[in-house]
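Everything on this sheet refers to the single structure shown next.
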Amino acid sequence: MAQASRSKPGDETQPVRSSSAAPTSPLRRLRHAVWLNVQVWIPDLLAPHLRRRLVQYWGRESRNGTTWSIPLPAECFRCGKKQNLQAIRLKRQLRGFDSPVGLLFTAGIGALVTLALGIFFSTYVWYVASLLFLVVGVGLTWSRSWVDDVELSISTCPDHAAEVEFPELVLYERDLYLFAPTEQLAEAARKELDAQRRRDKRFVHDEPPPAPAVEREPAARRSEGLAPPREPTSRQPPSREPLPPIPLDDPDAEPPAH
Ligand SMILES: [Zn+2]
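Those letters in the sequence shown? Residues 19 to 276, per my numbering, in order.
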């Protein structure tokens, strides 16, 4: 029985609204977001249940200017039903980070070493230095971050319309990492992305998600204008073209024929 309010994802959508799946308390929300980001920066830390719900969107195919457009598959985000769906558009801002691991690791090591010196010498100067390492590390990481808009279309059946909320997201380097509400939805989204990439003849990951976030295409990233981590000045001599052999005056050489 068709209903008048029935709509397909992508055409008649609800007005854009803001929503968030994050915990309510600001401190908890911050802690949750930091931990989620760290798990994406260091994929080995990613919990298995999060890994199965992860969908990785590439900036070069889903980002236009500073806005990401993410259409989730046309099935209920909660129960997977594919009939009588209603598409809801959500919009929020998201902060992204650029290669923070090395910087934070260095700052952390510096802070630990100076803290140890402070304990050893009982001098407060070292404690201040330790704190300074942390503040500078976090400050530099923050200064290399940016904010993008994320517009997302999510489908729901009438039973679950009230539960729609923004899936958890992490913006890291050039990609957007979305944690779908269910593994089934994540699987469907990954299949859609793979099919799209095959149609566009892009590279398709054969490995299960998440694709490693580090150094997928360093050359491509650099050409996109993303500031790469500053590399130390090379001390190697510049490579040279091999010189042609120098003709020697060889006494044993045969005299030119006359
Ligand atoms: Zn449902």
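Backbone N, C-alpha and C fix where the C-beta goes; we use that ideal spot for every residue, glycine too. Quick caveat: nothing in here was measured; it's all calculated off a predicted structure.
Taking C-beta separations shorter than 6 Å and ignoring five residues to either side along the sequence, the partners of Arg113 in its chain run Ser163 and Val165, following chain order. Ala105 sits in a strand when the DSSP states are folded into three classes. Rounded to the nearest whole angstrom, the C-alpha separation of Val153 and Val146 is 10 Å.
Distance between Cys97 and Ala206, taken at the CA atoms: about 13 Å. DSSP, reduced to helix, strand and coil, places Val58 within a helical segment of the structure shown.
In the DSSP assignment, Arg113 forms a beta bridge with Val165. For the pair Arg110 and Ile137, the Cα-to-Cα distance works out to about 45 Å. When distances are taken from the beta-carbon of Arg47 to the heavy atoms of ligand 1, even the shortest one reaches 6 Å or more. The region 188-203 and the region 76-95 touch, with no fewer than 3 CB-CB distances between them shorter than 8 Å.
Taken atom to atom, the span from the alpha-carbon of Leu108 to that of Pro91 is near 14 Å.
For Lys99 and Leu149, the gap between their C-alpha atoms comes out near 52 Å. Boundaries of the beta strand (DSSP E) harbouring Pro89: Thr85 to Pro89, taken from the DSSP string. Only residues of its own chain outside the window of five on either side were considered, and among them Pro91 have a CB closer than 7 Å to the CB of Glu210, listed in chain order.
Judged by DSSP secondary structure, Glu186 falls within the beta strand (DSSP E) whose first and last residues are Glu186 to Tyr190. By the Cβ rule, the region 128-142 does not count as touching the region 64-72, because fewer than three pairs are nearer than 8 Å.
If you ignore the 5 residues before and after Leu54, its C-beta comes within less than 7 Å of the C-beta of Glu186 and Val188, all in its own chain and listed in chain order. The three-state secondary structure of Val154, taken from DSSP, is helix. Contact annotation, Val119 with Trp160: C-beta distance approximately 15 Å; criterion of less than 8 Å not satisfied. Ligand 1 never approaches Lys100 closely enough for any of its heavy atoms to be under 6 Å from the residue's Cβ. Between Gln57 and Leu48, the C-beta spacing is not below 7 Å. When the Cα atoms are used, Arg217 and Cys175 turn out to be separated by approximately 29 Å. Residue pairing for Gln74: DSSP places it in a beta bridge opposite Tyr195.
Per DSSP, the beta bridge partners of Leu170 are Ile88 and Leu108. DSSP places Glu201 inside the alpha helix (DSSP H), whose first and last residues are Glu201 to Arg217. Restricting attention to Ser173, Ala180 and Glu79, the CA atom closest to the CA of Gln101 is found in Ser173.
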